[in-house]
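S.K.: Once you know that position 70 of the sequence shown is 66 in the working numbering, the rest is easy, because the numbers rise by one and skip nothing.
I'd like to ask you about the structure that follows.
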Amino acid sequence: MICVSEKRIEVPLITGAKYNKRFYKAGESIHILPTEIDALIKDGVIRRDDVPEFDEADVSLEEMKLPALKAYAKENNIDLGEASKKDEVLAVIQEAIHEAEKAKEDE
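This is how it looks when you write it as structure tokens:
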């Protein structure tokens, strides 16, 4: 189930885990951001097969974690320069988007 208002996805846990400062038992469901899926699968907390379909375009830049922001920048040929922290990377990406939109308007 996708919680559209919060853009979170409900997934069942395959093992007990701590998430957002709360402990959950195996079989309980948690609501995660789409940007957290890969890390939780890698950690063995959820299964890819249990993740419902969702539209990645619904995830805002502000909700993305640093690795997802860096991947976004790479996919969109955005040079991050010296930016290494989430807020710095986010600012560079937002500026690049703003500049691209401005250039498009000037055409």
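Yeah, the Cβ is synthetic: ideal placement off N, Cα and C, and Gly gets one too.
This one's a predicted model, so the numbers in the text were calculated from it and none came from an experiment.
Within 10 angstroms of the Cβ of A64, are there 16 or more other Cβ atoms? Answer buried if so, exposed if not.
M.R.: Flag for A64 reads buried.
S.K.: Determine the contact status of K14 and E59, defining contact as a CB-CB distance below 9 Å.
M.R.: Going by C-beta atoms, K14 is not nearer than 9 Å to E59.
S.K.: Drop a sphere of 10 angstroms on the beta-carbon of L9, count the other beta-carbons inside from all chains shown, and report buried for 16 or more, exposed for fewer.
M.R.: So L9 ends up on the buried side.
S.K.: Examine the ligand MN and report whether any of its heavy atoms sits within less than 8 Å of the Cβ of S56.
M.R.: Absent from the structure shown: the ligand MN. Ligands present: none.
S.K.: According to DSSP, simplified to helix, strand and coil, what is I5?
M.R.: Note: I5 maps to strand in three-state DSSP.
S.K.: Can you give me the start and stop residues for the beta strand (DSSP E) that K14 sits inside?
M.R.: First-last of the beta strand (DSSP E) with K14: A13 to Y15.
S.K.: Ends of the alpha helix (DSSP H) at I89?
M.R.: First-last of the alpha helix (DSSP H) with I89: K82 to D102.
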